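One structure is given here, and the rest of the page talks about it.
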Amino acid sequence: MGSLERYNHISLVDLSKKQKIEKKRKMNTQEFVEEEKFDSNSKNTKLCIEERKQRFIKSFCMKKDYVCFERINRRLVNILDGLELHIGVFNSMEQRKISTHILNQENGCVAKDGCVPDSCIINIYEPDDCIPPHIDSHDFVRPFSTVSFLSKCNIIFGHKIKIVGPGEFIGAASIPLPVGSVLVLNGNGADLAKHCISAVSYKRISVTFRKMDKAKQPHNFKLASDF
Ligand SMILES: O=C(O)CCC(=O)C(=O)O
Ligand SMILES: [Fe+2]
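Heads up: take any position in the sequence shown, counting from 1, add 373, and you land on the numbering used here.
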């Protein structure tokens with residue numbers, strides 16, 4: 374399948390990839406210690422949200438773009454154009470807190486902050502669960518993103534995806550999703566290629582944040598007051 378990854382150099386261009394990873398690890402560890410000092414109800418919460426935003430922005434220097442050509446109507450097309458994978462966005466303590474919260478609630482909505490999403494889907498995969506090949510509904514605008522928790526797995530992309538057995542799929546590209554990563558789907562990666570997850574070996578949670586297309590909102594649709 375060859376290498377699908379291409380690293381983007383948006384900032385910290387003077388640092389090697391290894392140094393960047395080390396710097397990011399230290400940064401997260403420090404932030405982890407700092408965050409533990411904050412009570413979520415304290416006046417420091419705002420600061421904590423600011424730090425979180427900064428961390429997400431910093432994660433863009435770890436962004437990967439993907440390349441995988443598939444022949445569609447006789448033309449070679451990069452079906453992964455528009456995909457971005459941001460790794461290390463959530464540290465292990467955050468991952469634990471969020472997944473524990475989701476599993477305790479068994480339903481809930483995590484999106485806050487008045488920015489992009491107004492919809493959130495939580496998929497809880499037990500071992501052997503899968504999600505079949507699909508393109509996400511166009512009732513939702515692009516880009517949208519998926520966060521992975523509890524265990525890593527591969528997400529398969531392809532203009533054509535073969536079903537080779539129960540919960541077993543093969544497509545042109547298979548992208549590892551580490552825990553705590555955010556996959557942003559846009560462009561061909563969201564609209565031309567289907568995606569799916571083959572049967573997982575371990576329990577896994579994914580949280581998909583999307584924003585409803587205004588034109589597709591039901592009549593008299595009102596956003597929940599806490600959004
Ligand atoms: O579990 C994932 O990472 C993908 C979920 C997904 O494709 C969806 O909810 O539409
Ligand atoms: Fe999807």
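Heads up, the beta-carbon is just placed ideally off N, CA and C, and yes, glycines get one too. Keep in mind it's a predicted model, so treat the numbers as computed, not measured.
Contact test: residue i Cβ vs ligand 1 heavy atom, cutoff 7 Å
| i | result |
| --- | --- |
| S579 | yes |
| L476 | no |
| N496 | yes |
| V456 | Correcting the residue type first, residue 456 is Leu in the shown sequence and not Val. No, the beta carbon of L456 sits no closer than 7 Å to any heavy atom of ligand 1. |
| S521 | yes |
| I548 | no |
Near ligand 2: residue i beta-carbon under 7 Å from a heavy atom
| i | result |
| --- | --- |
| D509 | yes |
| H532 | no |
| H568 | yes |
Run of the beta strand (DSSP E) containing residue i, from where it starts to where it stops
| i | result |
| --- | --- |
| A546 | A546 to L550 |
| N527 | C526 to G531 |
| G538 | K535 to G538 |
| I496 | Note on identity: in this sequence residue 496 is Asn, with Ile being the wrong assignment. S492 to Y498 is the span of the beta strand (DSSP E), which, as asked, contains N496. |
| V520 | F517 to F522 |
| I445 | F442 to I445 |
| I570 | K567 to I570 |
| H459 | E457 to H459 |
| F542 | E541 to I543 |
Limits of the unbroken alpha helix (DSSP H) element including residue i
| i | result |
| --- | --- |
| N561 | G560 to D564 |
(message) Contact between the segment 531-551 and the segment 462-472 is defined here as three or more beta-carbon pairs at a separation below 8 Å; is this criterion met?
(response) no
(request) Please determine if the segment 493-508 and the segment 550-557 are in contact, where contact requires at least 3 C-beta pairs separated by less than 8 Å. (result) No contact exists between the segment 493-508 and the segment 550-557.
(request) Only counting runs of 3 or more residues, tell me where the beta strand (DSSP E) segments fall wholly within the segment 575-599, in order along the chain. (result) As far as the segment 575-599 is concerned, its whole beta strand (DSSP E) runs of at least 3 residues are 577-583.
(message) Between the segment 575-590 and the segment 489-500, can you find at least three pairs of beta-carbon atoms closer than 8 Å?
(response) yes
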